[in-house]
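There are 2 protein chains.
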Amino acid sequence: MGKKVTIRDIARLAGVSVTTVSQILNGKGARFSKKTQHRVLKLRDQYGYVPDFNARSLILQKSSSMIGVLVPDISSPFFGTFVKGVQQVAQHEKMVPLIFSANRDPKLEQEYLSQMIARSIDGLIIASATMTTDTISRLIGSREIPYILFDKNYAQHGTRVLTDDYRGGTLAAQHLVNLGHQRVIALKPRQQSENFTQRMKGFYDTLIKNKVNFDQKRDVIVASLSRPGGYAATAAVLASGATAVFAGNDDMAIGLLRGLTERKIRVPDRLSIIGYDDIYMDEYVSPRLTTIHQPILDLGIQSAKMLLSKIHDDHSSEQIRRFPVKLVIRQSTGQPRQN
Amino acid sequence: MGKKVTIRDIARLAGVSVTTVSQILNGKGARFSKKTQHRVLKLRDQYGYVPDFNARSLILQKSSSMIGVLVPDISSPFFGTFVKGVQQVAQHEKMVPLIFSANRDPKLEQEYLSQMIARSIDGLIIASATMTTDTISRLIGSREIPYILFDKNYAQHGTRVLTDDYRGGTLAAQHLVNLGHQRVIALKPRQQSENFTQRMKGFYDTLIKNKVNFDQKRDVIVASLSRPGGYAATAAVLASGATAVFAGNDDMAIGLLRGLTERKIRVPDRLSIIGYDDIYMDEYVSPRLTTIHQPILDLGIQSAKMLLSKIHDDHSSEQIRRFPVKLVIRQSTGQPRQN
Numbered sequence: 001m002g003k004k005v006t007i008r009d010i011a012r013l014a015g016v017s018v019t020t021v022s023q024i025l026n027g028k029g030a031r032f033s034k035k036t037q038h039r040v041l042k043l044r045d046q047y048g049y050v051p052d053f054n055a056r057s058l059i060l061q062k063s064s065s066m067i068g069v070l071v072p073d074i075s076s077p078f079f080g081t082f083v084k085g086v087q088q089v090a091q092h093e094k095m096v097p098l099i100f101s102a103n104r105d106p107k108l109e110q111e112y113l114s115q116m117i118a119r120s121i122d123g124l125i126i127a128s129a130t131m132t133t134d135t136i137s138r139l140i141g142s143r144e145i146p147y148i149l150f151d152k153n154y155a156q157h158g159t160r161v162l163t164d165d166y167r168g169g170t171l172a173a174q175h176l177v178n179l180g181h182q183r184v185i186a187l188k189p190r191q192q193s194e195n196f197t198q199r200m201k202g203f204y205d206t207l208i209k210n211k212v213n214f215d216q217k218r219d220v221i222v223a224s225l226s227r228p229g230g231y232a233a234t235a236a237v238l239a240s241g242a243t244a245v246f247a248g249n250d251d252m253a254i255g256l257l258r259g260l261t262e263r264k265i266r267v268p269d270r271l272s273i274i275g276y277d278d279i280y281m282d283e284y285v286s287p288r289l290t291t292i293h294q295p296i297l298d299l300g301i302q303s304a305k306m307l308l309s310k311i312h313d314d315h316s317s318e319q320i321r322r323f324p325v326k327l328v329i330r331q332s333t334g335q336p337r338q339n
Numbered sequence: 001m002g003k004k005v006t007i008r009d010i011a012r013l014a015g016v017s018v019t020t021v022s023q024i025l026n027g028k029g030a031r032f033s034k035k036t037q038h039r040v041l042k043l044r045d046q047y048g049y050v051p052d053f054n055a056r057s058l059i060l061q062k063s064s065s066m067i068g069v070l071v072p073d074i075s076s077p078f079f080g081t082f083v084k085g086v087q088q089v090a091q092h093e094k095m096v097p098l099i100f101s102a103n104r105d106p107k108l109e110q111e112y113l114s115q116m117i118a119r120s121i122d123g124l125i126i127a128s129a130t131m132t133t134d135t136i137s138r139l140i141g142s143r144e145i146p147y148i149l150f151d152k153n154y155a156q157h158g159t160r161v162l163t164d165d166y167r168g169g170t171l172a173a174q175h176l177v178n179l180g181h182q183r184v185i186a187l188k189p190r191q192q193s194e195n196f197t198q199r200m201k202g203f204y205d206t207l208i209k210n211k212v213n214f215d216q217k218r219d220v221i222v223a224s225l226s227r228p229g230g231y232a233a234t235a236a237v238l239a240s241g242a243t244a245v246f247a248g249n250d251d252m253a254i255g256l257l258r259g260l261t262e263r264k265i266r267v268p269d270r271l272s273i274i275g276y277d278d279i280y281m282d283e284y285v286s287p288r289l290t291t292i293h294q295p296i297l298d299l300g301i302q303s304a305k306m307l308l309s310k311i312h313d314d315h316s317s318e319q320i321r322r323f324p325v326k327l328v329i330r331q332s333t334g335q336p337r338q339n
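Respectively, the protein sequence lines represent chains A and B. Numbering of the first sequence is given in my numbering, commencing with residue 1 and proceeding in unit increments. Numbering of the second sequence is given in my numbering, commencing with residue 1 and proceeding in unit increments.
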């Protein structure tokens, strides 16, 4: 025996969210297009959907929005914390957050996203370095699924959260300059998204402004954006003769720190290291890592809040939230050793 | 205009997986109950579902199973790695893994699970310390959703993966005994699931067998199962006068290590520490952490493979996979200091 048609079935068939169907069927659909209203009402008649009192109160009072959260790598400390922020809001607001992580594989990301959309997800938070707003629009198609970008690529449109990477690079350089370093190198990823380009540009510009000799060919070491990547760069870092290193992110910095510890190179006496992100591991390595703090938990919290407001008001205008960064001085940076 | 009824709609309405519907509609449904076959065929007729050639080949050749993975805390290194194992299999096998994490809140876990079930998830991997097989059965109800337990509570039934915690505790104790420690303490969580009880029992039994004086009241420190928990226990550990500590998991051990480093207590010269799990952070703290290795990645891989085989063959019998543990000696344990 088949079950009764539910509001979720209507939402699925109409390609809109449950909230949209609920609002239209409850006479609050004026904000949606005539086409959408018509589609939903027609489906209701076609399938003989009658909202019963229980289901209705369930939906109006405590409907769960199921939201998808796409991250590049869930096992990284950065995205573990980001997702924790999303979950905090979810828990309060009766949303069910589903996390999907495609290991930075653009094809897989699109595949997963399509599947989520096909299963009537109510909203999406997309933190992907490769996904463009055009691709997202194409995948979502005619459905009305609100989404928030955690924007690493300075997209030209879409509601999104971003941080000030240029300023982060500036702060890192200024800290090393203030300590007296004159021979500085940077560790950066091979394929960098726009946020890394900005981060590095802020770093270079500030060094040059402070008359520190820096050559973007000679003084930049390319490595994979991971702990093993930083570890593998140890020999190259030592060969450079630098007294300080700016690692593109904390994972790289922590990998490098391990390489240096194994070779009994003292940090910061012999070499200063500054990272980027302020992941929780920074407090547990030895010496504890100086870094540029991104408000990772808060980025997750605000992304979820913005998504929620979009789910509840489909016509809310495009919003952009910019988050500040700041320098956190711990133990891995110090004055250069006097020769 | 409503969209055509899809095989997913039929699956949803029948409360079975897409694979089940596909097999029944393709004349391969003999393994399912008469009741299920009847329900699916009736829905097909009722909604006039006609599998078209494209959709059919899509389903038979490359259907995506959407599977849910419930973990207690996705931001922990342990479950980050476990999920990575699930994802590796998923990527090969065209499954979409959706991760949900309810921060060890049993009510929230049940709420999320219900939502996943209501949205026609194709299968579930459940790694929860609080969820019993009775609760899961109740939530799944009459639907046919295969699931795998990552079993921390030695459930009496259900297909599941487990590790040998008693033996893990034994290995930890034997290592400390072999180094010559006579004054040993343990750090354990306040509310422990069965796996911790077994782990600690293996530890105590082995100490006693080796004539090490150990009092379960005096020599056990209770702390929260986290890095901050281990860190907060630093003073109590030092006050105990022990020469070696067995921490219930690596997170606790790493928190304690930080507390000791801050107080300039040398590890292992003054105090040996052994953890449990072998999370990736063990390699990046200083000194690197000696621990009991659990095959975390492999636990994720095998859970996914077992689930897949259950999805493809609903009548597969109950399976239990036991995984071995082993001692990994790094730098945080050594002989006790001679007084």
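We put the CB at the ideal spot given by N, CA and C, even for glycine.
Taking 7 Å as the CB-CB limit, is B:Lys264 close to chain A?
-> Here residue 264 of chain B refers to the residue found at position 264 when the second sequence is read from its first residue. So no, B:Lys264 is outside the interface.
Assigned secondary structure, B:Gly123 (DSSP; H/G/I helix, E/B strand, else coil) = Taking the first residue of the second sequence as 1, we reach residue 123 of chain B at position 123. If DSSP states are grouped into helix, strand and coil, B:Gly123 belongs with the strands.
Is there contact here, the region 155 to 173 of chain B with the region 107 to 116 of chain B, by at least three beta-carbon pairs under 8 Å?
-> no
May I have a chain-ordered list of the beta strand (DSSP E) segments no shorter than 3 residues that lie completely inside the region 202 to 274 of chain A?
-> 220 to 223, 244 to 247 and 272 to 274
Same chain only: Cβ atoms within 6 Å of A:Ile274, ignoring 5 sequence neighbours per side = As a working note, residue 274 of chain A is residue 274 in the first sequence. Excluding sequence positions up to five before and after A:Ile274, its CB lies within less than 6 Å of the CB of Ala172, Phe246, Thr290 and Thr333, all in the same chain and listed in chain order.
When the cut-off is 7 Å and only beta carbons count, does B:Leu70 lie next to chain A?
-> Residue 70 of chain B sits at position 70 when you count from the first residue of the second sequence. So no, B:Leu70 is outside the interface.
In or out: A:Ile208 buried (at least 16 other Cβ within 10 Å) or exposed?
-> As a working mapping, residue 208 of chain A is identified with position 208 in the first sequence. A:Ile208 should be labelled exposed.
Can you give me the Cβ contacts of A:Phe78 inside the same chain, cut-off strictly under 7 Å, excluding the 5 residues immediately before and after it?
-> Stepping through the first sequence from its first residue, residue 78 of chain A is reached at position 78. Result list for A:Phe78: Asp277, Ile279 and Ile296, in chain order.
Around the Cβ of A:Gln216, are there at least 16 other Cβ atoms within 10 angstroms (buried) or fewer (exposed)?
-> Position 216 of the first sequence, counted from the start, is the residue given in the question as residue 216 of chain A. The residue in question, A:Gln216, is exposed, as its Cβ has fewer than 16 Cβ neighbours within 10 Å.
If we ignore side chains and look at the alpha-carbon of each, how far apart do A:Ser65 and A:Leu308 end up?
-> Counted from its first residue, the first sequence places residue 65 of chain A at position 65. Counted from its first residue, the first sequence places residue 308 of chain A at position 308. So the alpha carbons of these two residues sit roughly 9 Å apart.
Name the one or two DSSP bridge partners that B:Leu162 has.
-> In the second sequence, residue 162 of chain B corresponds to position 162, counting from 1. Its beta-bridge partners are B:Arg322.
Local conformation of A:Lys62 per DSSP, three classes | Counted from its first residue, the first sequence places residue 62 of chain A at position 62. A caution first: A:Lys62 carries a pLDDT of 42, below 50, which makes its placement in the model too unreliable to give a value.
With distances taken Cα to Cα, identify the nearest neighbour of B:Ser142 among B:Ser240, B:Leu41 and B:Lys35.
-> By 1-based counting over the second sequence, the position of residue 142 of chain B is 142. Comparing Cα-Cα distances from B:Ser142 to each of B:Ser240, B:Leu41 and B:Lys35, the minimum goes to B:Lys35.
Any Cβ of chain A within less than 7 Å of the Cβ of B:Tyr49?
-> The sequence position of residue 49 of chain B within the second sequence is 49, counting from 1. No, its Cβ sits nowhere closer than 7 Å to a Cβ of chain A.
Hey, how far is the Cα of B:Gly300 from the Cα of B:Tyr154?
-> Residue numbering aside, residue 300 of chain B sits at position 300 when the second sequence is read from its first letter. Residue numbering aside, residue 154 of chain B sits at position 154 when the second sequence is read from its first letter. Their Cα atoms are separated by approximately 18 Å.
Tell me A:Asp277's beta-bridge partners as DSSP assigns them.
-> Translated into the one-based positions of the first sequence, residue 277 of chain A becomes position 277. In the DSSP output, where bridge partners are listed per residue, A:Asp277 has A:His293.
In whole angstroms, what separates the C-alpha of A:Gln319 from that of B:Gln115?
-> Taking the first sequence and counting its residues from 1, the one referred to as residue 319 of chain A is at position 319. Taking the second sequence and counting its residues from 1, the one referred to as residue 115 of chain B is at position 115. Looking at the two C-alpha atoms, the distance is approximately 30 Å.
In the DSSP assignment, what are the bridge partners of A:Leu70?
-> To locate residue 70 of chain A, count along the first sequence from 1; it is residue 70. According to DSSP, A:Leu70 bridges with A:Phe100 and A:Ile126.
Give the interface partners of B:Leu108 over in chain A, defined as CB-CB distance under 8 Å, in chain order.
-> As a first step, residue 108 of chain B must be located in the second sequence, where it is residue number 108. Near B:Leu108 (Cβ distances below 8 Å), the residues of chain A are Gln91.
Flag A:Leu58 as yes if its beta-carbon sits less than 7 Å from any beta-carbon of chain B, otherwise no.
-> Mapped onto the first sequence, residue 58 of chain A falls at position 58. Bear in mind that a pLDDT of 42 at A:Leu58, under 50, signals an unreliable position, so the model cannot answer this.
Is B:Asp134 near the ligand PLP, in the sense that its beta carbon is under 6 Å from a heavy atom of that ligand?
-> This structure lacks the ligand PLP, and indeed carries no ligand of any kind.
Where A:Ala244 and B:Leu162 are concerned, what is the direct C-alpha to C-alpha distance, given to the nearest angstrom?
-> Numbered from 1 along the first sequence, position 244 holds the residue referred to as residue 244 of chain A. Numbered from 1 along the second sequence, position 162 holds the residue referred to as residue 162 of chain B. Distance between the alpha carbons of A:Ala244 and B:Leu162: 47 Å.
If you run the structure through DSSP and keep just helix, strand and coil, what is B:Phe150?
-> Mapped onto the second sequence, residue 150 of chain B falls at position 150. B:Phe150 falls in the strand class under three-state DSSP.
For B:Ser303, decide whether its Cβ has a neighbour in chain A, counting only Cβ atoms nearer than 7 Å.
-> Counting from 1 along the second sequence, the entry for residue 303 of chain B is found at position 303. Not one chain A Cβ lies under 7 Å of B:Ser303.
Just reading off the alpha helix (DSSP H) that A:Pro106 is part of, what are its end residues?
-> Taking the first residue of the first sequence as 1, we reach residue 106 of chain A at position 106. For A:Pro106, the uninterrupted alpha helix (DSSP H) segment begins and ends at Pro106 to Ala118.
So what does A:Val83 bridge to, in DSSP terms?
-> Taking the first sequence and counting its residues from 1, one reaches residue 83 of chain A at position 83. DSSP lists no partner for A:Val83.
Could you pull the start and end residues of the alpha helix (DSSP H) that A:Ala30 belongs to?
-> Position 30 of the first sequence, counted from the start, is the residue given in the question as residue 30 of chain A. Note, A:Ala30: premise wrong, no alpha helix (DSSP H); not H, not E.
Could you have a look at A:Val40 and say whether DSSP puts it in helix, strand or coil?
-> Residue numbering aside, residue 40 of chain A sits at position 40 when the first sequence is read from its first letter. Three-state result, A:Val40: helix.
Using a C-beta to C-beta distance shorter than 7 Å, which residues of chain B count as neighbours of A:Thr20?
-> Mapped onto the first sequence, residue 20 of chain A falls at position 20. Simply none; closest approach about 15 Å.
Using only alpha-carbon positions, find the residue among A:Gly255, A:Phe100 and A:Ala14 that is nearest to B:Met95.
-> Within the second sequence, residue 95 of chain B is the residue found at index 95, counting from 1. Of the listed residues, the one whose Cα sits closest to B:Met95 is A:Phe100.
What is the rounded straight-line gap between the Cα of A:Asp164 and the Cα of B:Ser226?
-> Looking up residue 164 of chain A in the first sequence gives position 164. Looking up residue 226 of chain B in the second sequence gives position 226. C-alpha separation (whole angstroms): 32 Å.
Count the other CB atoms within 10 Å of the CB of B:Ser57; is the residue buried (16 or more) or exposed (fewer)?
-> Here residue 57 of chain B refers to the residue found at position 57 of the second sequence. Note that B:Ser57 has pLDDT 36, beneath the 50 cutoff, so the model's placement of it is unreliable and the number below is only indicative. Flag for B:Ser57 reads exposed.
Endpoints, beta strand (DSSP E) assigned at B:Ile185 | In the second sequence, residue 185 of chain B corresponds to position 185, counting from 1. According to the DSSP assignment, B:Ile185 belongs to the beta strand (DSSP E) that extends over Val184 to Pro189.
Min CB distance A:Ser341 to chain B below 7 Å = Limits of chain A in this structure are 1 at one end and 339 at the other, which puts residue 341 of chain A out of reach.
Determine, using beta carbons only, whether A:Gly248 comes closer than 7 Å to chain B.
-> Residue 248 of chain A sits at position 248 when you count from the first residue of the first sequence. Judged by the 7 Å Cβ criterion, A:Gly248 is not in contact with chain B.
Closer than 7 Å to chain B by CB, A:Lys62 = The residue given as residue 62 of chain A occupies position 62 in the first sequence. Residue placement at A:Lys62 is poorly supported in this model, since its pLDDT is 42, which falls under 50; the coordinates still yield a value, given next. Residue contact check for A:Lys62 against chain B: no CB pair falls below 7 Å.
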